[in-house]
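Here the structure is laid out as structure tokens; the discussion comes afterwards.
2 protein chains.
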Amino acid sequence: MTKKKTKIPNACPIVNAFHLIGGKWKPYIIYYLQKKNQRFGKLHFLIPDISRKVLTEQLREMESDELIHRKKFDESPPRVEYSLTEKAKEVIPILEALGEWSFKIHKEKMTESLDEEIYIDYCQDYL
Amino acid sequence: MTKKKTKIPNACPIVNAFHLIGGKWKPYIIYYLQKKNQRFGKLHFLIPDISRKVLTEQLREMESDELIHRKKFDESPPRVEYSLTEKAKEVIPILEALGEWSFKIHKEKMTESLDEEIYIDYCQDYL
DNA sequence: TGTCATGGTTACATTTTCGTTACTACTTAT
DNA sequence: ATAAGTAGTAACGAAAATGTAACCATGACA
Chain G
6 MTKKKTKIPN ACPIVNAFHL IGGKWKPYII YYLQKKNQRF GKLHFLIPDI
56 SRKVLTEQLR EMESDELIHR KKFDESPPRV EYSLTEKAKE VIPILEALGE
106 WSFKIHKEKM TESLDEEIYI DYCQDYL
Chain E
6 MTKKKTKIPN ACPIVNAFHL IGGKWKPYII YYLQKKNQRF GKLHFLIPDI
56 SRKVLTEQLR EMESDELIHR KKFDESPPRV EYSLTEKAKE VIPILEALGE
106 WSFKIHKEKM TESLDEEIYI DYCQDYL
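Chains as they are written, first to last, in the numbering used here: chain G, 6 to 132; chain E, 6 to 132.
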């Protein structure tokens, strides 16, 4: 058995999807923007564990993928508002289905646990 | 605006889902196992760019997450067969929806390109 | 007796992703 | 004159993920 050498030019569409909306922070960004348009600072407050550098990077990436829209107001101090595009809004039901699936698995595995209630509260909010 | 310090015990269910089925290789593993149960060596042939070390790691992880089943035959040379569990099979329609969504975005962006046909062929197969 | 095949494992190196800290430009309020 | 607030950026470093190359145990087969 020798190596297959037919390189796929772009990754498979599912891998592609993970590039668009996966990673450590993009799900949170989508989550908070889906509820409400947000300014940079507020987004950083809502997702405090991300560094501002990485938040900027992720937002720029999502902007160039046309998943979010960046609206800059010509004011001072500067104001920038981020919102989801239609493309991004279309994927939300799919993400919710994914969340429900993983939540079901999680519940099956962890029958007891002190953190369980907190997790469930958080998930109810999310799902 | 100070830092929010309420740590979430486990990540949000969507982030959790990405741990289960995301990453560089798990989508491919799911894809090939969904078509047909596979032995370790065949899987490595089908996904030639993964190293055997990482393939082992990913398979072990998915096994402990109960997404795949590992069946070892007592033969020589050894034979091991991997298959998807019911849990994993449940997520496939969701993954397909995700793939269609990202494929649609991809098509909108790339109107021309030489690789396009190859990509589409690959995707048709995938979707 | 020694080579082959399978399904790995181990130690180490590299790449990719993410974080820390300090800094900037602009304008209004004190 | 200077401090404060917003939305960043730049240089550097740490951590996480992945890759490379060599090795192992088993039994069949020549």
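Using N, Cα and C, we set each Cβ at its ideal position, and we do this for glycine too.
According to DSSP, simplified to helix, strand and coil, what is residue i?
i, result
"S107/E", "helix"
"I26/G", "helix"
"I34/E", "helix"
"K40/G", "helix"
"I97/G", "helix"
"I55/E", "coil"
"N21/E", "helix"
What number of angstroms, rounded off, separates the C-alpha of residue i from the C-alpha of residue j?
i, j, result
"Y37/G", "G28/E", "23 Å"
"F108/G", "P18/E", "6 Å"
"R57/G", "K41/E", "45 Å"
"K94/E", "Q63/G", "31 Å"
"R44/E", "E66/E", "17 Å"
"V59/G", "W30/E", "24 Å"
"K114/E", "E80/E", "51 Å"
"P53/E", "I34/E", "12 Å"
"G46/E", "G104/E", "27 Å"
"L132/G", "E101/G", "Confidence at L132/G is low in this model, with a pLDDT of 48, below 50, so the placement of that residue should be treated as unreliable; the coordinate-derived value is given next. Approximately 6 Å between the Cα atoms of the pair."
"S69/E", "I97/E", "19 Å"
"I55/G", "V85/G", "18 Å"
"P82/G", "I73/G", "22 Å"
"T61/E", "K77/G", "48 Å"
"H49/E", "H49/G", "41 Å"
"F23/G", "P32/G", "10 Å"
"I99/E", "I26/E", "11 Å"
"E91/E", "I110/G", "11 Å"
"E71/G", "W106/E", "13 Å"
"T7/G", "L51/E", "For T7/G, the pLDDT reaches just 27, beneath the cut-off of 50, and the residue's location in the model is therefore unreliable, leaving the point undetermined."
"L89/E", "N21/G", "22 Å"
"R75/E", "K112/G", "23 Å"
"Y87/G", "Q39/G", "10 Å"
How about residue i: is its Cβ closer than 7 Å to a heavy atom in the ligand ATP?
i, result
"F45/E", "Although the ligand ATP was asked about, the structure shown includes no ligands whatsoever."
Which residue comes first and which comes last in the beta strand (DSSP E) that contains residue i?
i, result
"S88/G", "84 to 89"
Beta-carbon of residue i versus every beta-carbon of chain E: anything under 8 Å?
i, result
"S88/G", "no"
"K92/G", "yes"
"L64/G", "no"
"L38/G", "no"
"P32/G", "yes"
"L103/G", "yes"
"S69/G", "no"
"F108/G", "yes"
Beta-carbon of residue i versus every beta-carbon of chain G: anything under 8 Å?
i, result
"E95/E", "yes"
"L60/E", "no"
"P18/E", "yes"
"L100/E", "yes"
"Y131/E", "Low local confidence applies: a pLDDT of 49 at Y131/E is under 50, so the model's placement there is unreliable, and no value is given."
"S56/E", "no"
"N21/E", "yes"
"F45/E", "no"
"H111/E", "yes"
"M6/E", "No answer about M6/E holds up, because its pLDDT of 32 lies below 50 and its placement is not dependable."
"L48/E", "no"
"K9/E", "Because K9/E carries a pLDDT of 29, less than 50, the predicted location of this residue cannot be relied on, and the following value inherits that uncertainty. Taking Cβ atoms only, chain G reaches closer than 8 Å to K9/E, which makes this a yes."
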